[in-house]
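Enquirer: Got a structure here, written out as structure tokens. Questions coming.
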Amino acid sequence: MSLTQVYLGLGSNIERETHLRAGLDALATFLVDIRCSAVFESQPVGIKSGPFFNFVVSAFTDLPLMELDRRLKFIEADNGRYAPDRKGLPLDIDVLLYGDLTGNFDGLILPRAEILKNAFVLWPLSLIAPDRVHPGVGKSFAALWAEAQIDQVLAPVAFEWRGAQLTPPNLLILP
């Protein structure tokens, strides 16, 4: 089976470092060539909570889209995402892009609309894949970020995973 490049958005606002590292460790069990953008702190959008840590992961998978999404839901659940007594968002993992697919796939709309709406998605995506063209807009992520007029403040934060710093301008590359 051939490999498909995927881009995932990760975020957490509860025990942020712990949940994001756990998410990355879980992703590393079934994704290959994982590359992580820098990690940014941002204020919440759409919910009342504490600040988030967000970043984007690029990787390759042999999983079909819906199986990938199912596994992401399990990782979220393992980190308390769906616990009835949770007080925030321990771990959120969204499929941003799956190859060049566009459309509605059993309710999963690709490319994900948040790419163009949220700085905490577009800026990391522009860092990790500056020349990649948004399949719906036809512009590179670097160009989209340069043109973006998104009213959100982001701050790069120090974050380490498996001994590597995910702090701008470093990107982590795992075989």
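Numbering of the sequence shown is given in our numbering, commencing with residue 866 and proceeding in unit increments. Ideal Cβ positions, reconstructed from N, Cα and C, are used throughout, including at glycine. Since this is a predicted model, take the numbers as computed values, not measurements.
(1) For residue 1018, which option in 1024, 986 and 897 has the closest C-alpha, if you only look at C-alpha atoms?
(2) Starting from the N-terminal side, write out each stretch of the alpha helix (DSSP H) that is 4 residues or longer and does not extend beyond the region 969 to 1005.
(3) Residue 958 bridges to which residues according to DSSP?
(4) Along the chain, where does the alpha helix (DSSP H) that runs through residue 891 open and close?
(5) Is residue 903 buried or exposed, if buried means 16 or more other CB atoms sit within 10 Å of its CB?
(6) Give every residue of the same chain whose Cβ lies closer than 8 Å to the Cβ of residue 931, excluding the five residues on either side of it in the sequence, and list them in chain order.
(7) Using the Cα positions of residue 1040 and residue 1011, report the straight-line distance between them to the nearest angstrom.
(8) With residue 916 and residue 907 assumed to form a contact (beta carbons below 8 Å), what rounded beta-carbon distance in angstroms separates them?
(9) For residue 1023, count neighbouring Cβ atoms within 10 angstroms of its own Cβ and tell me buried if that reaches 16, exposed if not.
(10) Here's the rule I'm using: 16 or more other beta-carbon atoms within 10 Å means buried, otherwise exposed. How should residue 957 be labelled?
(11) My understanding is that residue 921 touches residue 872, with C-beta atoms under 8 Å, so please give their C-beta distance in whole angstroms.
(12) Taking 7 Å as the cut-off, is the C-beta of residue 935 nearer than that to any heavy atom in the ligand NAP?
(13) Please state whether the Cβ-Cβ distance between residue 990 and residue 961 is less than 8 Å.
(14) For residue 1036, which three-state DSSP category applies?
(15) Indicate the three-state DSSP secondary structure (helix, strand or coil) for residue 895 in the structure shown.
(16) So residue 1031 packs on residue 1009, CB below 8 Å; how close in whole Å?
Expert: Checking against the coordinates, here is how it stands:
(1) Stepping through the sequence shown from its first residue, residue 1018 is reached at position 153. Of 1024, 986 and 897, the residue nearest in Cα terms is 986.
(2) 979 to 982 and 984 to 993
(3) Indexing the sequence shown from 1 puts residue 958 at position 93. Per DSSP, 875.
(4) Stepping through the sequence shown from its first residue, residue 891 is reached at position 26. 881 to 892 is the extent of the alpha helix (DSSP H) around residue 891.
(5) Here residue 903 is taken as the residue at index 38 of the sequence shown, counted from 1. Residue 903 should be labelled buried.
(6) Within the sequence shown, numbered from 1, the residue matching residue 931 stands at position 66. So the qualifying residues of the chain are 970, 971 and 973.
(7) The residue labelled residue 1040 in the question sits at position 175 within the sequence shown. The residue labelled residue 1011 in the question sits at position 146 within the sequence shown. Because residue 1040 sits at a pLDDT of 38, beneath the cut-off of 50, its placement in the model cannot be relied upon, and the following sentence gives the value as read from the coordinates. Computed Cα separation, rounded: 30 Å.
(8) For the purposes of this step, residue 916 is taken as the residue at position 51 of the sequence shown. For the purposes of this step, residue 907 is taken as the residue at position 42 of the sequence shown. Correct: roughly 6 Å between the Cβ atoms.
(9) The residue given as residue 1023 occupies position 158 in the sequence shown. It is exposed - the Cβ of residue 1023 has fewer than 16 other Cβ atoms within 10 Å.
(10) Translated into positions along the sequence shown, residue 957 becomes position 92. Flag for residue 957 reads buried.
(11) Against the sequence shown, residue 921 aligns to sequence position 56. Against the sequence shown, residue 872 aligns to sequence position 7. Rounded, the Cβ-Cβ distance is 6 Å, consistent with contact.
(12) Of the ligands one can find in the structure shown there are none, so the ligand NAP has no counterpart to examine.
(13) Reading the sequence shown from its first residue, position 125 is the one you call residue 990. Reading the sequence shown from its first residue, position 96 is the one you call residue 961. The answer is yes: Cβ separation under 8 Å.
(14) Here residue 1036 refers to the residue found at position 171 when the sequence shown is read from its first residue. Low local confidence applies: a pLDDT of 46 at residue 1036 is under 50, so the model's placement there is unreliable, with the coordinate-based value given in what follows. Correct three-state label for residue 1036: coil.
(15) Here the question's residue 895 lines up with position 30 in the sequence shown. Residue state, collapsed to three classes: coil.
(16) For the purposes of this step, residue 1031 is taken as the residue at position 166 of the sequence shown. For the purposes of this step, residue 1009 is taken as the residue at position 144 of the sequence shown. Between residue 1009 and residue 1031 the Cβ distance is about 22 Å, and since that is not below 8 Å, they are no contact.
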